[in-house]
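Residue numbers (my numbering), protein chains in the order written: chain A, 3 to 117; chain B, 162 to 275.
Here it is as structure tokens:
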């Protein structure tokens with residue numbers, strides 16, 4: 003069984019401030035972890051993924067996330083928020099094992115960037 | 162190349178009507194997924210195809226929901242006798258090979274049942 007918990011359904015930051023979106027996972031086997039971004043009326047776009055290589059993962063648009071097994075966390079960060087970062091962000095988990103595996107998504111965090 | 166496309170983008174149905182939602186995955190992608198995203202929620206898995214074979218339909222909420230992918234490319238999600246609780250965005254995603262975890266999503270179809 004696997005699940006993700008995203009703390010904070012809404013996060014507001016000022017333009018230029020640090021972005022921190024929290025994700026904690028639960029998985030009975032080693033996980034793959036993902037962050038997706040969804041802009042209004044669009045599908046999900048992959049920001050970055052952890053697949054058991056480096057624990058610090060860099061993604062698109064200046065985002066990065068660190069896999070911390072001891073904390074079962076995979077928080078998403080960006081040093082300086084831009085207005086274009088306003089969107090909804092989803093953390094997702096799937097087992098790290100061969101073949102087809104279901105991906106389980108969190109409920110999402112809406113990021114507001116204040117000018 | 163083109164991404165995943167879905168049609169229609171918006172669908173309004175009266176309660177009790179049948180609807181059909183179409184997904185065109187990225188050409189050559191073996192795996193295809195359907196998700197339901199209710200307002201304020203994350204995507205919830207509905208069903209999975211590997212080529213034309215429906216290997217997992219454990220997420221379909223009732224027998225009113227039916228999906229097919231007869232030639233291993235385009236897929237259709239059909240909902241019979243729609244109910245208000247079926248109102249949601251239906252997302253389709255595809256991936257290149259079975260076991261590839263990175264999925265490419267379409268823009269979704271927003272279904273509103275009145």
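Glycine included, C-beta positions come from ideal geometry on N, C-alpha and C.
Closest Cα partner of residue i within the set the options
i                      : options                    : result
residue 117 of chain A : A/109, A/102, A/86, A/110  : A/86
residue 47 of chain A  : B/232, B/184, B/237, B/255 : B/255
residue 193 of chain B : B/235, B/270, B/227        : B/235
residue 249 of chain B : B/169, B/200, B/163        : B/200
residue 209 of chain B : A/101, A/111, A/72         : A/101
residue 33 of chain A  : A/92, A/21, A/69, A/16     : A/69
residue 227 of chain B : B/179, B/170, B/174        : B/179
residue 170 of chain B : B/253, B/191, B/207, B/223 : B/253
residue 62 of chain A  : A/74, A/78, A/55           : A/78
Close beta carbons around residue i, own chain, < 6 Å, minus the five adjacent residues each side
i                      : result
residue 177 of chain B : 242
residue 237 of chain B : 181, 183, 229
residue 64 of chain A  : 80
Pairwise C-alpha distance: residue j and residue i
i                      : j                      : result
residue 35 of chain A  : residue 94 of chain A  : 6 Å
residue 9 of chain A   : residue 31 of chain A  : 22 Å
residue 23 of chain A  : residue 5 of chain A   : 17 Å
residue 218 of chain B : residue 106 of chain A : 15 Å
residue 273 of chain B : residue 247 of chain B : 8 Å
residue 88 of chain A  : residue 114 of chain A : 5 Å
residue 42 of chain A  : residue 203 of chain B : 14 Å
residue 212 of chain B : residue 21 of chain A  : 40 Å
Buried versus exposed, by CB contacts within 10 Å (16 or more), residue i
i                      : result
residue 270 of chain B : buried
residue 57 of chain A  : exposed
residue 51 of chain A  : buried
residue 230 of chain B : buried
residue 83 of chain A  : buried
residue 240 of chain B : buried
residue 190 of chain B : buried
residue 15 of chain A  : buried
Same chain, Cβ closer than 8 Å to residue i, neighbours up to 5 away in sequence not counted
i                      : result
residue 166 of chain B : 184, 185, 267, 268
residue 164 of chain B : 187, 265, 267
residue 40 of chain A  : 46, 47, 89, 90, 91, 92, 110
residue 53 of chain A  : 34, 98
Going along the chain, which residues of the segment 17 to 33 of chain A sit with their C-beta nearer than 8 Å to a C-beta in chain B? none
Residues in the segment 30 to 63 of chain A with C-beta within 9 Å of chain B's C-beta atoms, listed in sequence order? 34, 36, 38, 40, 43, 44, 45, 46, 47, 48, 51, 53
Short of 9 Å Cβ to Cβ, which residues in the segment 209 to 226 of chain B face chain A? 209, 211, 216, 217, 219, 220
Give me the subset of the segment 96 to 113 of chain A whose CB atoms are less than 8 Å from a CB atom of chain B, sorted by chain position. 96, 100, 101, 102, 103, 104, 105, 106, 107, 108, 109, 110
Residues of the segment 62 to 79 of chain A whose Cβ lies closer than 9 Å to any Cβ of chain B, in chain order: none
Below 7 Å between beta carbons is the criterion; list the residues of the segment 243 to 256 of chain B that meet it against any residue of chain A, in chain order. 252
Of the residues that make up the segment 171 to 204 of chain B, which ones have a beta carbon closer than 9 Å to any beta carbon in chain A? 192, 194, 196, 198, 201, 202, 203, 204
Name, going along the chain, the residues of the segment 259 to 275 of chain B whose beta-carbon falls closer than 9 Å to a beta-carbon of chain A. 259, 260, 262, 263, 264, 265, 266, 267, 268, 269, 271
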